[in-house]
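Have a look at the structure below, then the notes.
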Amino acid sequence: MVHSIEFHGRLCRADEPPANSGVYDLLFRLHPTATGESVLWEDEVRAISVRTGGYYHVILGDGNALEPHHFDGSPRYLSVRLLRDGREADEAADRVPLLGMLVQIADNVGRMEGRIASLESAHAGDTVARRRTRMLRRRVLRLEHGDGGLGALAARVAVLESRVARVDGESGRLARLEDDVEDLVGPDGDVVDLDTRLARLEGTTPAGEPDRLAVLERRFTELEARLKRR
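Quick note: to get this note's numbering, add 188 to the position in the sequence shown (first position is 1).
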């Protein structure tokens, strides 16, 4: 669990210039407001190394853990006081607002892990669930090995593939239809004297010029029907 917060600060003297580099003891307090004496948490951190310019780095909560109840989603305010010979100096800077999101998130994650562990423990001996899982596994295996619906479906697909191959082969119906169409098409792919060819196939003489288009459309329809019946 996370019960600490990383904090970077700058220590300054009362007259505002930065503190000299060295080792200092500091008292950190968490307050519910930006001003006032109410304190939610505090921790004394000894021997903090302060660099040139007064900068320092510290982990809050190492000595006295920060807890989720110290934060409620609204800002808390951190005050910093210098300790000299165990005595507190006055606050020399404004309080720093903290939300403590990392502590709250860690607490939520911990509670979720506890709930999951409880559920796993409660269902560890669920024989009904194990029985259903084994049954489903057997059914999947039967399908995968062709003893069930997948095997029957594969057989039907094979039959359909063979029928398509017969229709599409050199001696099949599609080939015969292609031959009939080729009889109507010239060497360059254009229809050559189509009306005369239709008349010869039907054993009739082409119709007169005024009704030529209607006769041609009717013969096309009849020829298509005859080809479909083959």
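Glycine included, each C-beta is placed from N, C-alpha and C at the ideal position.
When the five nearest sequence neighbours on each side are left out, the beta carbons in the same chain lying within less than 7 angstroms of the beta carbon of H245 are those of H196, in order along the chain. Going by DSSP, S267 is part of the beta strand (DSSP E) stretching over R264 to R272.
Each of E276, G242, A222 and P256 was checked against the Cα of P205, and the nearest Cα belongs to G242. Taking a C-beta distance under 8 angstroms as the contact criterion, A235 and V268 do not qualify as a contact pair. With respect to the 8 angstroms criterion, G288 and H258 are classified as neighbours on the basis of their beta carbons. In this structure, A281 keeps its C-beta atom at 8 angstroms or more from the C-beta atom of V238. Burial state of S192 is buried, judged by a 10 Å Cβ sphere holding 16 or more other Cβ atoms.
Across the set D278, H219 and L199, the C-alpha of H219 shows the shortest separation from the C-alpha of P263.
A residue is called buried when at least 16 other Cβ atoms come within 10 angstroms of its Cβ; V297 does not meet this threshold and is exposed. If you check the CB distance, R283 and A222 come in under 8 angstroms. Distances from the alpha-carbon of Y265 to those of R326, F216 and A202 put F216 closest.
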